[in-house]
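Residue numbers (this note's numbering): 3 to 296.
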């Protein structure tokens with residue numbers, strides 16, 4: 003069996019997959035490599051489009067290391083009888099930790115403090131921050147990752163509100179609210195919904211206007227969820243206090259949000275920890291083993 007690994011994968015995982023078949027790791031010509039491939043392994047970089055699948059007549063499995071399947075044409079895979087698998091739980095902790103870290107970065111002005119220190123400026127009096135304890139966190143999308151963020155926030159002394167299609171039972175104190183109330187009542191709003199027709203642009207000018215002037219928005223989910231033009235206008239005009247973004251409508255990102263001092267940026271690294279990468283790889287290997295054993 004030929005396995006094509008199109009994106010970055012830990013060495014240990016590549017070695018494990020090599021025990022399942024012949025592995026081609028990050029081939030220079032992906033289209034050519036797919037001609038006789040039976041398994042394609044991707045992360046978020048490679049888009050599995052209908053056009054790409056035309057080059058893979060023998061493909062049986064597309065294995066996505068990560069949560070969402072928005073980078074894969076699932077309908078086309080179904081039409082071609084290609085099984086699609088992913089690892090929805092493997093990066094949960096990594097994403098949740100980054101969401102919390104970005105809140106700390108915003109509240110304590112960590113990027114600005116670091117930049118000023120590198121300029122040899124001791125700006126202690128200008129860097130008074132705010133604590134997370136006692137603040138209200140609004141979580142939009144309360145699934146696997148959102149509920150994990152809530153648990154960590156609750157442990158930090160935050161009041162946790164959430165908006166979700168269904169009510170979720172938790173072992174910590176949370177309150178379900180309407181989307182509008184989550185936006186109105188929260189000091190921090192963090193996004194944890196998938197990208198689809200219902201969520202694209204859901205954080206628009208009208209909804210951002212509901213937020214407190216002192217509130218901050220955190221997005222470690224998908225860039226398409228946020229109307230970046232509306233966010234830019236709100237941040238520039240101090241309608242909200244700040245934002246922290248790990249994902250963008252187009253990546254790599256080079257848009258005008260980069261001009262603003264009240265935004266913290268990371269380059270889509272929410273799931274990029276050594277531990278998460280190993281969990282993702284191990285889970286993919288096990289799922290492939292299970293499929294091949296059938």
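For every residue, glycine included, the Cβ atom is placed at its ideal position computed from N, Cα and C.
These numbers were taken from a predicted model, which means no experiment stands behind them.
For residue 94, report the span of its beta strand (DSSP E) as first-last. Within the chain shown, the letter at position 92 stands for residue 94. Premise fails: residue 94 lies in the alpha helix (DSSP H), 94-109, not in any beta strand (DSSP E).
I need the boundaries of the alpha helix (DSSP H) containing residue 262, first residue and last residue. The residue given as residue 262 occupies position 260 in the chain shown. Per DSSP, residue 262 belongs to no alpha helix (DSSP H) and is neither H nor E.
Measure the C-alpha to C-alpha separation of residue 139 and residue 149 and round it to an integer number of angstroms. Locating residue 139 in the chain shown gives position 137, counting from the first residue. Locating residue 149 in the chain shown gives position 147, counting from the first residue. Taking the straight line from one Cα to the other gives about 12 angstroms.
Evaluate residue 288 with the Cβ neighbour count: other Cβ atoms within 10 Å of its Cβ, from every protein chain shown; 16 or more gives buried, anything less gives exposed. The count along the chain shown starts at 1 and reaches residue 288 at position 286. Exposed, because fewer than 16 other Cβ atoms sit within 10 Å of the Cβ of residue 288.
With a cut-off of 8 angstroms on the beta carbons, I'd call residue 135 and residue 272 a contact; round off their distance for me. Stepping through the chain shown from its first residue, residue 135 is reached at position 133. Stepping through the chain shown from its first residue, residue 272 is reached at position 270. Not quite, the Cβ-Cβ distance comes to about 23 angstroms (not below 8 angstroms), so this is no contact.
Can you tell me which residues form a DSSP beta bridge with residue 165? In the chain shown, residue 165 corresponds to position 163, counting from 1. Answer is 142, bridged to residue 165.
What is the residue span of the alpha helix (DSSP H) that residue 15 lies within? Here residue 15 refers to the residue found at position 13 of the chain shown. That run of the alpha helix (DSSP H) goes 13-20.
Under DSSP, the beta strand (DSSP E) around residue 63 begins and ends at which residues? If you number the chain shown from 1, residue 63 lands on position 61. Note, residue 63: beta strand (DSSP E), 63-66.
Taking the alpha helix (DSSP H) that residue 294 falls in, what are its first and last residues? Here the question's residue 294 lines up with position 292 in the chain shown. Counting along the chain, the alpha helix (DSSP H) containing residue 294 begins and ends at 276-295.
Since residue 237 and residue 265 are thought to touch, with beta carbons under 8 angstroms apart, how far apart are those beta carbons, to the nearest angstrom? What you label residue 237 is simply residue 235 of the chain shown in a count that begins at 1. What you label residue 265 is simply residue 263 of the chain shown in a count that begins at 1. Right, the Cβ-Cβ distance comes to about 6 angstroms (below 8 angstroms), so this counts as a contact.
Between 169, 69, 5, which has its C-alpha nearest residue 90's C-alpha? Stepping through the chain shown from its first residue, residue 90 is reached at position 88. It is 69 whose Cα lies nearest to the Cα of residue 90.
Which residue or residues does DSSP assign as beta-bridge partners of residue 228? Here residue 228 corresponds to residue number 226 of the chain shown, with the count starting at 1. DSSP output for residue 228 lists 205 as bridge partner(s).
Please state whether DSSP places residue 181 in a helix, a strand or coil. Residue 181 sits at position 179 when you count from the first residue of the chain shown. Three-state result, residue 181: helix.
Beta-carbon separation (whole angstroms), residue 11 vs residue 43, contact threshold 8 angstroms: Reading the chain shown from its first residue, position 9 is the one you call residue 11. Reading the chain shown from its first residue, position 41 is the one you call residue 43. With a Cβ gap of about 7 angstroms, residue 11 and residue 43 count as contacting.
Close Cβ partners of residue 82 (< 8 angstroms) along its chain, the five nearest in sequence each way excluded: Along the chain shown, read from residue 1 onward, the residue named residue 82 stands at position 80. For residue 82, where only same-chain residues beyond five positions count, the Cβ hits under 8 angstroms are 55, 61.
Identify which residue in 66, 41, 40, 38 has its Cα closest to the Cα of residue 49. For this step, residue 49 is matched to residue 47 along the chain shown. Per the Cα distances, 66.
Contact set for residue 193: own chain, Cβ-Cβ below 6 angstroms, skip 5 residues either direction: Taking the first residue of the chain shown as 1, we reach residue 193 at position 191. Same-chain partners within the cutoff: 142, 221, 223, 227.
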